[in-house]
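Asks: Below is a structure I'd like to ask you about.
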DNA sequence: TTGACATATTCCTATATGGGAATATAATGT
DNA sequence: ACATTATATTCCCATATAGGAATATGTCAA
């Protein structure tokens, strides 16, 4: 089996840096394709293809305005990702706490060595 | 250019469902490869290859214990993902608020129609 | 050393890219 | 109808899989 399609789900879609950039750019307000092209410095067809992927997984909304297509990030689609990653929050907090503890113990030891030296 | 390597970063690495399952499984405690194999129902070489990818991007820690290799999730590696997704939290909150508003307005309208009918 | 167990790597193939180039589709103005 | 503008799609190719099969590596025990 080959790698899963980029259109399989949000996880695969946002694996691409350019698509994450697009989502960041379109979060605040909707924009026509031309502005996204200018913003990313990519060829227009490439941008259209990325937008297609984002549409297929429901990460952007589109509406037509004359000849323009206005795209906007659908933040809801990013929630599953945030929630999955959030499961690990308590673990990295634990890890950080342990790192802190060790660092403080190290300082204590250093201090006691120092006082020994002073003796 | 082809798709970015799965070992490019955490985003690409966790795009694969199996690898997310592995990270969930290894979050609570370290486990030998054999248990991961039993848990996922995949072939051992496939699991070893997924673990290799996770190691390369720093999403798991490993240590040897006799013939076994004990893997454990490195939650820190998942933070960038959580933080990127977290940028959109305020937007989906807005979106939900608007949906709620509209729903409430709809109910109001329905009520006023009802009272008209009653007249 | 030899055998058994645990894990990793290599080789293979079908599949899915992402970008460039060329072309198609859609909407507007004249 | 025709030219122009804005996007989308198709065709091409180099690259990177994920999994299966076979094999290699590493560790322990007798």
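Protein chains in written order, with our numbering: chain A, 1263 to 1381; chain B, 1263 to 1381. Backbone N, C-alpha and C define an ideal beta-carbon position, used for all residues, glycine too.
#1: Which residue comes first and which comes last in the beta strand (DSSP E) that contains residue 1332 of chain B?
#2: Quick one: list the residues of chain B neighbouring residue 1335 of chain A, beta-carbon separation under 8 Å, in chain order.
#3: Determine the contact status of residue 1282 of chain A and residue 1346 of chain B, defining contact as a CB-CB distance below 8 Å.
#4: Quick check for students: name the residue ranges of the alpha helix (DSSP H) that lie wholly in the stretch 1292–1321 of chain A, counting only runs of 4 or more.
#5: Give a yes or no on contact between the stretch 1301–1309 of chain B and the stretch 1306–1322 of chain A, applying the rule of three or more CB pairs nearer than 8 Å.
#6: With DSSP as the reference, label residue 1265 of chain B as helix, strand or coil.
#7: So does the stretch 1319–1330 of chain B actually touch the stretch 1328–1345 of chain A, counting three or more Cβ pairs closer than 8 Å?
#8: Do you know offhand how far residue 1272 of chain B's Cα is from residue 1339 of chain B's?
#9: Do we get a CB-CB distance below 8 Å when we pair residue 1325 of chain A with the residues of chain B?
#10: Give the straight-line distance between the Cα atoms of residue 1317 of chain B and residue 1297 of chain A, rounded to the nearest whole angstrom.
#11: Using 8 Å as the limit for Cβ to Cβ distance, is residue 1357 of chain B near chain A?
#12: Apply the 10 Å Cβ neighbour rule to residue 1360 of chain B and answer buried if 16 or more other Cβ atoms are within range, or exposed otherwise.
Replies: Walking through what the data contain:
#1: Taking the first residue of the second chain as position 1, residue 1332 of chain B is located at position 70. Segment 1330–1335, the beta strand (DSSP E) holding residue 1332 of chain B.
#2: Your numbering for residue 1335 of chain A matches position 73 in the first chain. Correct list: 1350, 1353.
#3: The residue you call residue 1282 of chain A lines up with position 20 of the first chain. The residue you call residue 1346 of chain B lines up with position 84 of the second chain. Against a cut-off of 8 Å, the Cβ pair of residue 1346 of chain B and residue 1282 of chain A comes out as a contact.
#4: 1295–1302, 1306–1318
#5: no
#6: Numbered from 1 along the second chain, position 3 holds the residue referred to as residue 1265 of chain B. Reduced to three states, the DSSP call for residue 1265 of chain B is coil.
#7: no
#8: As a working mapping, residue 1272 of chain B is identified with position 10 in the second chain. As a working mapping, residue 1339 of chain B is identified with position 77 in the second chain. In a straight line, the C-alpha of residue 1272 of chain B is about 7 Å away from that of residue 1339 of chain B.
#9: Here residue 1325 of chain A refers to the residue found at position 63 of the first chain. Not closer than 8 Å to any Cβ of chain B, the Cβ of residue 1325 of chain A fails to qualify, so no.
#10: The count along the second chain starts at 1 and reaches residue 1317 of chain B at position 55. The count along the first chain starts at 1 and reaches residue 1297 of chain A at position 35. Approximately 38 Å, taken between the alpha carbons.
#11: Locating residue 1357 of chain B in the second chain gives position 95, where the first residue counts as 1. At least one chain A Cβ lies under 8 Å of residue 1357 of chain B.
#12: Working through the second chain from its first residue, we reach residue 1360 of chain B at position 98. Burial call: exposed.
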